[in-house]
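Following: one structure in structure tokens, then a few remarks.
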Amino acid sequence: MRFYFLFLLTFTVHFANTQVLRLTCLDKRTGDLVSNVGISMSQNLRGDSIVYQTTVNGVTDYQLNKIDLGQTLYFDFRHAIYQTTNIEFHFKERKDTIRIEVLLIPMRIQLSKEVIVKSVGVPDTVFGSKRLSVADFELQSNGDVIILAYPKQLQKGSELILFDGEETKSSVLLNDAAIELKRDFRGNAHVICKEHVYGVYSDGDQIEIGQIPKDYYFKYIEPIVDTNTSKIFFSDFSKIYPAFDYYVYDKLDSSYKSIVNIKDDLMMELYRSEYKWMDVRTKLWAKNKELETGIDAEIYIGANYFTQSIYYQEVYAPMFHRNDSILIFNYPKDVLLVYSIDGNLMDSIPLYHHYQAKETGWRRNVIQDRVTGSIYTTYEKDGYCYLGLVNVKTGEISEKVKLTFRYVDKIRVHNNYVYYVYRPFESIQKKFLYKEKLPYQFKGMEKNYGTKISIDTGK
């Protein structure tokens, strides 16, 4: 009995000594939580400051155990797209948790920096047919276009076309239900189908396809993002898990290392908490899987159930190779990471052009011109697509280019031209491939457009 009384007394005293000041940052106009706010706290106006940062939920906690009653704390809140805010907190009474909501005022000057410009050119039809609609396409270094087309439905009969801008050079029918056309790290095109994956090979006037085991493609080819003379950059990204790593593999000594971990903190919290709401039978199934594989039961529940809900969103952080640098757009952490070709971090630049996506129309779609190396991101307002040129030195959008047509699809940028698939609204016209000239004259950069591989020998 004495032991229980002593334990209860000790626990009560420890609980009473725990005081937390919880600061929550909100957008004054919309009421949305504001993440990644830099907070400086000092106990006097001229003293040293302690720096904090809000989480993805816009919240940070500060322990008050060592603060005397009657003392005043000074807080300074800073964010790139909000006005700096200062508050004073007078510590008058002790409570378990003291909650303060801080309203941040958006800076209008941040939004007015972006300039809307019109495209120099007018839409030009690259490929059009009365029989076929364009589903997807890939641009080749010699100017040819590989087109995935279909007469009625993509998954019920499709064909690959090699088009040189004037006429069809060659075509091949697909006996499988096609899904999409993808480019690998070497620049080679692949057709992803329901049952198989086909490598596409074009040489001169002919186009050929060769079957690749689907599990082999997704395990050994798709994870590789890019390569250089001695390094291979790849990831362990999975659509059903809100975190992954980028790695660099050294071909000289066969070693590899992780260069950055990408994680969406809010999505991960929701992902793992799904386990709490499952029925007992499902929890037992997940626990048995955990014993078999060593993977947490929460991950099994999240992968099989939360990913099927409307609240799940894949983590988005694309990597690009530009000249002698590797660029990673770490949107979950609002930062652009710049690495050397050896995988060493050289710089980190704040990113805010994706903020307030409902108002700006930002889409999770970052595109690189494979000829010039320039990088764009897309916005959509009233059905019109805007290409925003990303300044990789500042992370800001230098200017936007408005495309002519509404509701365009499959946007690519190639040699200062933007290509897309479009069909006029309420028209019987098939989907055509169009291009527009962008108002830029960026010079080309060295880029790997693909390695010639024989369909027969694989070499």
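If you count the sequence shown from 1, position 343 lands on 343 in our numbering, and the numbers rise without skipping.
Beta carbons: idealized from backbone N, C-alpha and C, even for Gly.
Taking residue i as the reference, give the member of the options with the closest Cα.
i: residue 326; options: 373, 101, 299 and 58; result: 373
i: residue 211; options: 246, 174, 391 and 295; result: 174
i: residue 26; options: 53, 105 and 273; result: 105
i: residue 227; options: 340, 201 and 39; result: 340
i: residue 77; options: 70, 24 and 93; result: 24
i: residue 396; options: 336, 231 and 276; result: 336
i: residue 426; options: 132, 406 and 124; result: 406
i: residue 200; options: 185, 220, 230 and 160; result: 160
i: residue 81; options: 334, 361 and 260; result: 334
i: residue 330; options: 166, 243 and 277; result: 243
i: residue 41; options: 151, 103 and 67; result: 67
i: residue 375; options: 423, 440 and 383; result: 440
i: residue 185; options: 206, 218 and 384; result: 218
i: residue 468; options: 343, 338 and 423; result: Past the boundaries of the shown model lies residue 468; the chain is included only from 1 to 459, so the question cannot be answered.
i: residue 124; options: 443, 433, 233 and 398; result: 433
i: residue 91; options: 167, 19 and 382; result: 19
Please list the terminal residues of the continuous alpha helix (DSSP H) segment that includes residue i.
i: residue 346; result: No alpha helix (DSSP H) contains residue 346, which is instead part of the beta strand (DSSP E) from 345 to 350.
i: residue 357; result: 357 to 360
i: residue 291; result: 280 to 293
Could you check whether residue j and residue i sit closer than 9 Å to each other, using their CB atoms as the reference points?
i: residue 400; j: residue 417; result: no
i: residue 139; j: residue 178; result: no
i: residue 428; j: residue 367; result: no
i: residue 208; j: residue 192; result: no
i: residue 404; j: residue 126; result: no
i: residue 225; j: residue 319; result: yes
i: residue 136; j: residue 164; result: no
i: residue 378; j: residue 386; result: yes
i: residue 69; j: residue 93; result: yes
i: residue 246; j: residue 255; result: no
i: residue 421; j: residue 431; result: yes
i: residue 107; j: residue 83; result: yes
i: residue 353; j: residue 388; result: yes
i: residue 87; j: residue 100; result: yes
i: residue 265; j: residue 332; result: yes
The beta strand (DSSP E) with residue i in it runs from where to where?
i: residue 265; result: Taken as a continuous stretch (DSSP letters only), residue 265 belongs to no beta strand (DSSP E), being part of the alpha helix (DSSP H) at 265 to 273.
i: residue 300; result: Looking at the DSSP string, residue 300 is not in any beta strand (DSSP E); the run it does join, the alpha helix (DSSP H), is 297 to 304.
i: residue 195; result: From DSSP, residue 195 is part of no beta strand (DSSP E); its letter is neither H nor E.
i: residue 338; result: 335 to 340
i: residue 330; result: 325 to 330
i: residue 253; result: Careful: residue 253 lies outside any beta strand (DSSP E) and carries neither H nor E.
i: residue 390; result: 384 to 390
i: residue 221; result: Note, residue 221: premise wrong, no beta strand (DSSP E); not H, not E.
i: residue 158; result: 158 to 163
i: residue 22; result: 20 to 27
With 9 Å set as the bound, which would you pick, yes or no: does the beta-carbon of residue i sit closer than that to a beta-carbon of chain B?
i: residue 168; result: No chain B is present in this structure, which holds just one protein chain.
Taking contact to mean 3 or more Cβ pairs, one atom from each stretch, closer than 8 Å, check whether the region 266 to 275 and the region 300 to 320 are in contact. Segments in contact, yes.
Any chance the region 345 to 362 sits against the region 292 to 301, with 3 or more Cβ pairs inside 8 Å? Segment contact: the region 345 to 362 against the region 292 to 301, fewer than three CB-CB distances shorter than 8 Å; contact not assigned.
Taking only runs that begin and end inside the region 61 to 145, name each unbroken alpha helix (DSSP H) of 4 or more residues, in chain order. Counting only runs of 4 or more residues that sit fully inside the region 61 to 145, the alpha helix (DSSP H) segments are 108 to 112, in chain order.
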